[in-house]
Amino acid sequence: MTIVQDRRHFISIAAGLALAAGSAEAFAQTTPPKVEYAIKKLPFDPAKIKGLSEKLLVSHWENNYSGAVRRLNAITAQLAGLDMATAPVFVVNGLKREELIAANSMIIHELYFDGLGGEGDPKGALAEAMTRDFGSVARWKAEFTAMGKALGGGSGWVLLAWSPHDKRLINTWAADHTMTLAGGRPILALDMFEHAYAMDYGAKAAGYVDAFMQAVRWDNALALYEKYSKES
């Protein structure tokens with residue numbers, strides 16, 4: 048190899064190393080900050096929810112909700128460690144899909160548990176809004192309950208949500224953790240996945256729905272309704 052060839056070879060290697068170093072530096076500079084999602088405690092005494100056993104509620108919280116939070120943290124860490132410029136598209140696509148499922152599972156489960164621990168019927172501005180948008184509180188309750196029972200033996204969510212687009216309350220159905228109303232702001236969630244009721248009710252999902260409706264903490268739904276309706 049001649050001196051000129053040696054020099055060209057050296058320059059080629061140096062350029063490659065510089066490019067690699069530059070890429071590593073750029074990746075290091077753009078690595079997202081660490082995000083750690085915390086598992087929230089149950090907002091009620093699980094031994095005091097009429098119609099739903101302590102064993103069921105604790106299992107639901109520990110295995111399904113807490114599991115979703117732990118899974119989301121693991122997925123977030125994996126995404127943060129990827130070089131998005133070189134990562135295979137199927138890896139990125141798979142992780143982002145799982146991130147959405149875990150994030151929505153976490154968020155809706157928190158709404159579900161926040162909505163338990165009360166009794167009675169909706170009152171105040173929420174009852175007025177239900178009457179305005181459904182005809183009566185009884186009509187809203189009949190529709191929401193029927194939607195839950197229709198999902199018995201399957202899986203999914205029934206959500207009472209505020210629609211900023213329509214400026215009204217709606218009952219919406221979600222088959223899994225990736226299907227929700229675009230722009231909708233849920234204020235009450237009924238979990239119809241079997242893990243939410245099978246331990247107590249077996250295949251009798253209708254009994255679980257009735258028990259849930261008797262245990263709703265309406266002041267939480269009211270506070271969310273007032274917040275979201277004022278924002279739109």
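Here this note's numbering is used: the first residue of the sequence shown is 48, the next is one more, and so on.
All C-beta atoms in this analysis are idealised placements derived from N, C-alpha and C, irrespective of residue type, glycine included.
No experiment lies behind these values; they were computed from the predicted model shown.
For threonine 178, three-class secondary structure by DSSP: Residue state for threonine 178 is assigned as helix, using DSSP reduced to three classes.
Start and end residues, alpha helix (DSSP H) containing alanine 250: DSSP places alanine 250 in no alpha helix (DSSP H); its state is neither H nor E.
Is there contact between the region 270-279 and the region 104-121, where contact requires at least three CB pairs shorter than 8 Å? Contact between the region 270-279 and the region 104-121 is absent, because fewer than three Cβ pairs lie under 8 Å.
For the beta strand (DSSP E) containing asparagine 218, list its first residue and its last residue. Asparagine 218 -> beta strand (DSSP E) spans 215-221.
So, under 8 Å CB-CB, leucine 206 and alanine 172 are touching, yes? Tell me the CB distance rounded to an integer number of Å. Wrong, their Cβ atoms sit about 19 Å apart, outside the cutoff.
Who pairs with proline 233 in a beta bridge, going by DSSP? By DSSP's assignment, proline 233 forms a beta bridge with Ala208.
Alpha carbon of glutamine 40 to alpha carbon of valine 136, nearest angstrom: The chain is shown only over 48 to 279; residue 40 falls outside these bounds and no answer can be derived.
Alanine 71 in three-state terms, based on DSSP: Here alanine 71 scores only 48 on pLDDT, less than 50, and its place in the model should not be relied on; the value that follows carries that caveat. Three-state result, alanine 71: helix.
Give me the residue from Gly199, Ala222, Asp223, Thr133 with the minimum Cα distance to valine 256. Taking only the C-alpha atoms, the option nearest valine 256 is Gly199.
Would alanine 75 be called buried (16 or more neighbouring beta carbons within 10 Å of its own) or exposed? Low local confidence applies: a pLDDT of 46 at alanine 75 is under 50, so the model's placement there is unreliable, and no value is given.
Grab me the residues of serine 59's own chain with a C-beta within less than 6 Å of its C-beta, minus the 5 sequence neighbours each way, in chain order. Since pLDDT at serine 59 reaches only 47, below the 50 mark, its modelled position is unreliable, and no value is offered.
What are the partner residues of aspartate 238, as DSSP defines its beta bridges? As a beta-bridge residue in DSSP terms, aspartate 238 pairs with Trp204.
Cβ neighbours of leucine 147 in the same chain (closer than 8 Å, five flanking residues each side left out): Only His224, Thr225 meet the Cβ criterion.
CB-CB under 7 Å to histidine 212, same chain, minus the five flanking residues each way: which ones, in chain order? Result list for histidine 212: Gly230, in chain order.
Pull up the distance between the alpha-carbon of aspartate 266 and that of glycine 162, whole angstroms please. Aspartate 266 and glycine 162: Cα-Cα distance of roughly 9 Å.
Terminal residues of the alpha helix (DSSP H) in which glutamate 157 lies: Boundaries of the alpha helix (DSSP H) around glutamate 157: 136-161.
Under 9 Å between C-beta atoms of asparagine 218 and glutamate 190: Contact check for asparagine 218 against glutamate 190 passes: the beta carbons are separated by less than 9 Å.
Between the beta-carbon of methionine 239 and the beta-carbon of tryptophan 204, is there less than 9 Å? Yes, they are a contact pair.
Out of His107, Lys143, Lys196, Ala252, which has the shortest C-alpha to C-alpha gap to proline 156? Just to set this straight, residue 156 is histidine in the shown sequence, not proline. Between histidine 156 and the set His107, Lys143, Lys196, Ala252, the nearest pair of CA atoms involves His107.
Taking the beta carbon of proline 169 as the centre, do at least 16 other beta carbons fall within 10 Å, making it buried, or is it exposed? Under this definition proline 169 is a buried residue.
By DSSP's criteria, valine 263 is part of a beta bridge. Which residues make up the other side? Under DSSP, valine 263 takes part in a beta bridge, and its partners are Leu163.
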